[in-house]
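Every position in the sequence shown, counted from 1, becomes a number in the working numbering once 191 is added. Just so it is clear, CB atoms sit at the ideal spot from N, CA and C, and this is done for glycine as well. Since the model is a prediction, treat every value here as computed from it, not as a measurement. Contents: one structure, followed by commentary.
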Amino acid sequence: MAPKKTAKRAKPAKKATRKTAKRAPKKAAAKNVKYVYSFGKQTDGDATMRELLGGKGANLAEMAKIGLPVPPGFTITTDVCTYYYANGRTYPTTLQKEMEEAVAKMEKQMGTKFGATDGMPLLVAVRSGARDSMPGMMDTILNLGLNDASVEALTKATDNPRFAWDCYRRFIQMYGDVVLGVQKAEGEDVEPFEGVIEHYKHEVYGEDIIDSSLTAEDQQELVKRFKALVKERTGQGFPEDPWDQLRGAAGAVFGSWMNDRAIVYRQKYGIPSEWGTAVNVQAMVFGNTGETSGSGVAFTRNPANGANEFYGEFLVNAQGEDVVAGVRTPEPVAKLKDVMPKSYAELLKVRKKLEKHFRDVQDVEFTIQEGKLYMLQTRNGKRTAAAALKFAVDMVKEKLITWETAVLRNPADQLDQLLAPIFDTAEVKKAKVLSTGLPAGPGAAAGKIYFNAERAVDAAKKNEKVLLVRVETSPEDLRGMIAADGILTARGGVSSHAALVARQMGKVCVCGASALQINYDDKTLTVGKNVFHEGDFLSIDGTTGDVFAGKIETAPSEIIDGLINGKKTAQKTEKYESYMQLMEWCSKATRMDVRTNADTPEQTKNAIAFGASGIGLTRTEHMFFEGDRIDAMREMILADTLEDRQKALKKLLPYQRKDFAGIFRALKGLPATIRLLDPPLHEFLPHTKEQQMDLARTLDIKVEKIMQRVAELHEFNPMLGFRGCRLAICYPEIAEMQARAIFEAAAQVTKKGIPAKPEVMVPLVGFKKELDEQVAIIKRVAAEVEEKKGVKLDYTVGTMIEVPRGALTADQIAETAEFFSFGTNDLTQTTLGMSRDDTGSFLGAYQEKEILTANPFASIDQTGVGQLVKIAIEKGRATRPNIKLGICGEHGGDPASVKFCHNAGLSYVSCSPFRVPVARLAAAQAAILEKRAAKAAKKAAKKK
Ligand code: PEP
Ligand code: MG
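Here you go:
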């Protein structure tokens, strides 16, 4: 259901006419292609046909097939959308005939006639339906088929003039807005049709009465005024021919696929624009015929916390869009039991049947027309991560799904929500509750309040914590919602736009906090006597619905508390236990290991608690910044002679040895890939005059010397300059010191009975010879330490593959390297020729224009960088079949990249400690999907 308040749209789609359909190039429309699929008594499609029928169309067909009460209709396929854009917004020539046949079937089943001027007219709803649901993103038109003549027929047939004129008024309003583009102009505050209604109410009643109090005569007058408004704004009369109306509506749905909010949504969720949308045309049933009718939306289980309870809301005497528009506050669906017990009982049966059939939690729309229940839509319900986890674990217990399916049901990119902080309970007790709204998106958020999306985005860009506060949100607030940490609305229910979108994004959300009075002009929020201005702090709890004044400190989630802090009470919670169950299933399914990027024992311990199976990257340079070791490092850089450099390195050795020993101890025998020094040296030097003077005093040298060395080390492009293995090629003593520290630490820990498994890694290798030189040093030092300490070291030596030449010559490099670790941060930078630090100025434009579908530094560019990874794997294995392969760039914690790594055949991914759970889930999912695909291929081959 589309929210009533529609956002600014792209220009209305060019009106489709029979003529334009005929002009469509014949060659593009393949012969015998079926463009229209009916559902109802006779149903052509089913749930497997999402690509062609879109999610909504496929599920309507499925519901009809399993005998649920679905009003008849038809789906115009996504092929038509593709055709429409490929052929200058025109239609295949055969479409009109197919639509006429489908409408005839609907007429037969309903006993009504499209455009009837005598007897009951057939009215239809026209809705979009992409392959993946895009809630509230596309346009919907209801009550289509009405005109000046058929409204009279409807009045007569129903003996309900108020209802008939209400439908007609709504139709003109929706159609006028969506198809004819009668929308708010620049500087206009109110939607033009709403403006007419408001004006009329004041003129006749002297106040703003609720819509349902309007009489038939009022509605009739409004229809007249609406039509005049359409004429004034478009220069044309409102279309009277139902077929013109239908073609126009279909064109608008196809047109809305390219509107701004649909594009923003697709970018956020990685939905390709080529998919297109289907159009669903369905016989209208009416929830607005009186007190025995109503409309509602419901989830078969609670999508916020996962509880196994029927969850949703309904409104008596209302059409569907009223429920989500937030204008009237709906009743909880359980109350339907008191108002319409028979329909409620039937609805409960449908709930059960749907879950058993779809084996997933469903999000349904229903209408009750004079006591008769109709199902208008079903789709898999969007859910929070907490709900997804509970649904999955419960449904395995109920034997509705397998454990593998349960793993797939937890979106890896949402898992972070489970680890997100909650408010500190002690702090909450002290805080002042301003108001309590509906808990619509769980979690805790504190931030500065902003009343419009634009300013929220600007503030977030400045790294402020932001709460977007609106009376109610509409799709045009999407950018602000993405930028905000939390969303707070004064109106709207748990299925309002704000709630749906927030849950999907994993944003903390409280909606319908009706005590809030928001004044957009003054930029103030008033609650009782308290007045808050834009920029003031509020805190919201999306799990309880509480809104607090000020900033409340947050606390870790039960999972973090149980895993990392070892809190027993947290470990007894259902959330913790379910999470552990999920991770156990992940371990059962996965082929790839998940390691961590950690530089300290503390980080290592955290990662192991999350299930990491070792360290995939220790960036040794991070250790040089602590305490006074930076002075020794600077001394080393400033040294003029080998002797001086060695003197400084000798000071660094014990620090490094201590660090490595700590890490080995924390690992308790798990492997650690430790990388030798990588960044450009100038990063370690002081750059301000003050810092340089300080250093001069500490090292007892002249400040001029420091200034001179800083100038010498200046590079125009340091990331492509004197860094990586190039440092130790020029100063081998650096590699020597680091290798010694690693091996001495390993020997020390091994002697204490803890096995240590160092994997020494050389960075930025593009030439085999670079690696050879370093490996010779490392191996010599290892032999010396073994001899001196009397310990047999269990170590390997390998390299990072992070420049294209390294990937392309991986066969040569593998002659020396015992393992490769793909440094995809640098590999992306060097393959794309885009600085990893300087993409801010153009990345947005690249994503908007869909040159890049995702930030390539966050999610691996599979076609470009991915190809180099595959080449390196193939070449590396050709030389050394058992070479160990991993990834340690940021991509190691990105679900799509993890899937890529699994399919490419890597043995592990490595990511920051807190992303380990996400990577474990994504790795398990990739393994399950691969297994399923292999099974399906085997089955298909057998069939052949
Ligand atoms: C990489 O380049 O992917 C990598 C892990 O190394 P760093 O980010 O330290 O350059
Ligand atoms: Mg790198």
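Segments of 3+ residues assigned as beta strand (DSSP E) that fall wholly inside the stretch 697-748 = 699-702, 708-710, 715-718, 721-724, 728-732 and 737-740
Helix, strand or coil: how does DSSP classify Lys1138 here?
-> Only positions 192 to 1135 of the chain appear in this structure, which leaves residue 1138 out of reach.
Going straight from the alpha carbon of Lys206 to that of Pro433, what length do you get?
-> The residue given as residue 206 occupies position 15 in the sequence shown. The residue given as residue 433 occupies position 242 in the sequence shown. A caution first: Lys206 carries a pLDDT of 34, below 50, which makes its placement in the model unreliable, though a value can still be read off. Lys206 and Pro433: Cα-Cα distance of roughly 14 Å.
DSSP bridge partner residues for Pro312 (one or two, in chain order) | Within the sequence shown, numbered from 1, the residue matching residue 312 stands at position 121. Pro312 pairs with Lys304.
Asp1017 Cβ short of 7 Å to the ligand PEP heavy atom set = Translated into the one-based positions of the sequence shown, residue 1017 becomes position 826. Flag set: Cβ of Asp1017 near the ligand PEP.
Using the C-alpha atoms, what's the distance from Lys896 back to Ala1087?
-> Taking the sequence shown and counting its residues from 1, the one referred to as residue 1087 is at position 896. Taking the sequence shown and counting its residues from 1, the one referred to as residue 896 is at position 705. Those two C-alpha atoms are separated by around 49 Å.
Can you give the Cα-Cα distance for Ala1117 and Val584, rounded to whole angstroms?
-> As a position in the sequence shown, residue 1117 is number 926, starting the count at 1. As a position in the sequence shown, residue 584 is number 393, starting the count at 1. Those two C-alpha atoms are separated by around 19 Å.
Length at least 4, wholly inside the stretch 448-495: the alpha helix (DSSP H) runs in chain order = 451-460
Pick out whichever of Leu313, Thr346, Arg361 and Asp350 has its Cα sitting closest to the Cα of Thr331.
-> Here residue 331 corresponds to residue number 140 of the sequence shown, with the count starting at 1. Ranking Leu313, Thr346, Arg361 and Asp350 by Cα distance to Thr331 puts Arg361 first.
Do three or more CB pairs link the stretch 360-377 to the stretch 418-433 at distances below 8 Å?
-> yes
Quick one: measure Cβ to Cβ for Gln650 and Tyr641, integer angstroms, because I've assumed they're closer than 8 Å.
-> Residue numbering aside, residue 650 sits at position 459 when the sequence shown is read from its first letter. Residue numbering aside, residue 641 sits at position 450 when the sequence shown is read from its first letter. The question names Gln, but residue 650 in the sequence shown is Ala. At roughly 6 Å, the Cβ-Cβ gap stays under 8 Å, so Ala650 and Tyr641 are in contact.
Roughly how many whole angstroms lie between the Cα atoms of Arg931 and Lys948?
-> Within the sequence shown, the letter at position 740 stands for residue 931. Within the sequence shown, the letter at position 757 stands for residue 948. Spanning the two alpha carbons is a distance of roughly 14 Å.
Would you call the stretch 1060-1080 and the stretch 474-491 in contact, with 3 or more CB pairs under 8 Å?
-> no
What's the gap between the Cα of Pro262 and the Cα of Arg574?
-> Working through the sequence shown from its first residue, we reach residue 262 at position 71. Working through the sequence shown from its first residue, we reach residue 574 at position 383. In a straight line, the C-alpha of Pro262 is about 27 Å away from that of Arg574.
Nonlocal neighbours in the same chain, by C-beta distance under 6 Å from Gly634, ignoring five residues either side = In the sequence shown, residue 634 corresponds to position 443, counting from 1. Taken in chain order, the residues that qualify are Ala611, Val699 and Gly733.
Cut-off 8 Å between Cβ atoms - residues of its own chain near Thr480, not counting five sequence neighbours on either side = In the sequence shown, residue 480 corresponds to position 289, counting from 1. These residues qualify, in order along the chain: Thr349, Asn351, Phe354, Asn508, Gln560 and Glu561.
Determine, using beta carbons only, whether Phe265 comes closer than 8 Å to chain B.
-> Any reference to chain B falls outside this structure, which holds one protein chain only.
Kindly list the residues whose CB is nearer than 6 Å to the CB of Lys218, restricted to its own chain and excluding five residues on each side of it in sequence; keep chain order.
-> Mapped onto the sequence shown, residue 218 falls at position 27. Since pLDDT at Lys218 reaches only 40, below the 50 mark, its modelled position is unreliable, and no value is offered.
To which residues does DSSP link Ser1088 through a beta bridge?
-> By one-based count along the sequence shown, residue 1088 stands at place 897. According to DSSP, which records beta bridges pairwise, Ser1088 is partnered with nothing at all.
Endpoints, beta strand (DSSP E) assigned at Ala577 | In the sequence shown, counting from the first residue as 1, residue 577 sits at position 386. Where Ala577 is concerned, there is no enclosing beta strand (DSSP E), although the alpha helix (DSSP H) it sits in stretches over Ala576 to Lys588.
Please classify Asp323: does DSSP put it in a helix, a strand, or coil?
-> In the sequence shown, residue 323 corresponds to position 132, counting from 1. Three-state result, Asp323: coil.
Three CB pairs or more closer than 8 Å across the stretch 1011-1020 and the stretch 1075-1084 = yes
Run the proximity test for Cys1079: is its beta-carbon closer than 7 Å to any non-hydrogen atom belonging to the ligand PEP?
-> Numbered from 1 along the sequence shown, position 888 holds the residue referred to as residue 1079. Yes - the ligand PEP has a heavy atom lying nearer than 7 Å to the Cβ of Cys1079.
Would you mind sorting Ala215 into buried or exposed? The rule is 16 or more other CB atoms within 10 Å of its CB.
-> Here the question's residue 215 lines up with position 24 in the sequence shown. Low confidence applies here, because Ala215 scores a pLDDT of 35, under 50, leaving its location unreliable; read the following figure in that light. That one is buried.
Using a threshold of 7 Å, is the CB atom of Glu993 nearer than that to any non-hydrogen atom of the ligand PEP?
-> Counting from 1 along the sequence shown, the entry for residue 993 is found at position 802. Flag set: Cβ of Glu993 near the ligand PEP.
Inter-residue CB distance, Gly336 and Val315 (contact presumed, cutoff 8 Å) | Translated into positions along the sequence shown, residue 336 becomes position 145. Translated into positions along the sequence shown, residue 315 becomes position 124. Sure, about 6 Å apart at Cβ, within 8 Å.
Reference Glu768; option with closest CA among Leu580, Gly310, Ala803 and Met827 = One-based indexing of the sequence shown puts residue 768 at position 577. For Glu768, the nearest C-alpha among the options comes from Leu580.
Host beta strand (DSSP E) of Lys1075 (start-end) = Position 884 of the sequence shown, counted from the first residue, corresponds to residue 1075. Its beta strand (DSSP E) spans residues Lys1075 to Ile1078.
For Lys213, collect the residues of the same chain with a Cβ closer than 8 Å to its Cβ; drop the 5 residues on either side in sequence, then sort them by chain order.
-> Stepping through the sequence shown from its first residue, residue 213 is reached at position 22. For Lys213, the predicted structure reports a pLDDT of 32, less than 50, and the residue's modelled location is therefore unreliable. A value from the coordinates is still provided. Closer than 8 Å at Cβ, skipping near neighbours: Thr284.
Buried versus exposed, by CB contacts within 10 Å (16 or more), Leu773 = As a position in the sequence shown, residue 773 is number 582, starting the count at 1. Buried, since its Cβ has 16 or more Cβ neighbours within 10 Å.
Tell me whether Met771 sits in a helix, a strand or coil according to DSSP, three-state version.
-> Your numbering for residue 771 matches position 580 in the sequence shown. Met771 falls in the helix class under three-state DSSP.
Please report how far the alpha carbon of Asp270 lies from the alpha carbon of Ile454, in whole angstroms.
-> For the purposes of this step, residue 270 is taken as residue 79 along the sequence shown, with counting starting at 1. For the purposes of this step, residue 454 is taken as residue 263 along the sequence shown, with counting starting at 1. Rounded to whole angstroms, Asp270 to Ile454 spans 19 Å at the Cα level.
Would you report the Cα separation of Ala1124 and Lys1134, rounded to the nearest angstrom?
-> Here residue 1124 refers to the residue found at position 933 of the sequence shown. Here residue 1134 refers to the residue found at position 943 of the sequence shown. If I take the Cα positions, the gap works out to 15 Å.
Could you name the residues of the same chain whose beta carbon sits closer than 6 Å to that of Met240, not counting the 5 residues immediately before and after it, in chain order?
-> Stepping through the sequence shown from its first residue, residue 240 is reached at position 49. Cβ neighbours of Met240 beyond the five flanking positions: Ala249.
Measure the CB-CB distance between Ile613 and Thr745 and report whether it falls below 8 Å.
-> The residue labelled residue 613 in the question sits at position 422 within the sequence shown. The residue labelled residue 745 in the question sits at position 554 within the sequence shown. In contact: Ile613 and Thr745 (Cβ atoms closer than 8 Å).
Would you say Leu506 touches the ligand PEP, meaning its beta carbon is less than 7 Å from a heavy atom?
-> As a working mapping, residue 506 is identified with position 315 in the sequence shown. Flag unset: Cβ of Leu506 not near the ligand PEP.
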